[in-house]
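What follows is a set of notes on a single structure, which appears directly below.
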């Protein structure tokens, strides 16, 4: 049975090497690979020349060097009228993708994983939340919203899912923790909006 087409649109920067496509964000990798079990997935993302660490096991990936080529690559998928489109997070790139797709009356889904209002406040300061809210209002009005936290959207306007990176390997080879002094493990990307630098400053104090 032929799978339905799903175009996954992401702001993630992806690097292509001789051994495949790589990204930094493990969520992007697992989301794309997870959907590929049920759909024929094509990922459209941004191009990066920098080496990345997580290989994406996906046959069809297109990277774009700028917003124009990004939209052209999306337009190239319009041959199949039944194709569905999934935007990963709300960013300037996915915002313009949403406008472009809505003009052509495409079926759009948006997956929200974190609080963009707070992240934009950290990145852009006072005007950050207003910028994000403008994009958020338009994108959520034009698409079906999927969230992984209740606080990211109103209950009657979204669908709640519970993604997890944990598998049975996390339950194997357990060790007793060392409790002689406080120890801290940070698992995440080294980006200011993720709070890592604030955490480091707090830990130093």
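Residue numbers (full-length UniProt numbering): 1 to 205. Heads up, the beta-carbon is just placed ideally off N, CA and C, and yes, glycines get one too.
Inter-residue distance for residue 137 and residue 103 is about 16 Å (C-alpha atoms, whole angstroms). Of the residues assessed, residue 34 falls on the exposed side of the cut-off, its CB having fewer than 16 other CB atoms within 10 angstroms. In chain order, 3 and 5 place their CB closer than 6 Å to the CB of residue 40, counting only its own chain and leaving out the 5 sequence neighbours on each side. When the five nearest sequence neighbours on each side are left out, the beta carbons in the same chain lying within less than 6 Å of the beta carbon of residue 135 are those of 90 and 95, in order along the chain.
Between residue 86 and residue 111, the C-beta spacing is below 8 Å. Counting C-beta atoms within 10 angstroms of its own C-beta, residue 106 has 16 or more neighbours from the protein chains shown and is therefore classed as buried. It is roughly 21 Å from the alpha-carbon of residue 121 to the alpha-carbon of residue 148. Taking residue 48 as the centre and dropping the five residues before and after it, the same chain places the C-beta of 13, 14 and 15 closer than 7 Å to its C-beta, in chain order. Our two residues, residue 158 and residue 145, have alpha carbons roughly 5 Å apart in a direct line.
The Cβ-Cβ distance between residue 54 and residue 24 falls below 8 Å. Shown here for residue 60: same chain residues with a beta carbon closer than 6 Å to its own, the five before and five after excluded, namely 42 in chain order. Linking residue 52 to residue 30 through their CA atoms gives a straight-line distance of about 15 Å. Here the alpha carbon of residue 116 sits roughly 7 Å from the alpha carbon of residue 132. Cβ contact annotation for residue 80 (same chain, cutoff 7 Å, sequence separation greater than five): 5, in chain order.
Sequence-distant partners of residue 65 (beyond 5 residues in either direction) whose C-beta falls short of 6 Å from its own C-beta, in its chain, are 47. Taking the Cβ atoms as the reference, residue 113 lies roughly 6 Å from residue 27, within the contact range of under 8 Å. Shown here, residue 13 sits in a strand according to DSSP, grouped into three states. Every beta strand (DSSP E) of 3 residues or more that sits fully in the region 74-113 is shown, in chain order, as 84-88 and 107-112.
Residue environment: residue 62 is assigned as buried (16 or more neighbouring CB atoms within 10 Å of its CB, all protein chains considered). Per the coordinates, the alpha-carbon of residue 160 lies some 7 Å from the alpha-carbon of residue 150.
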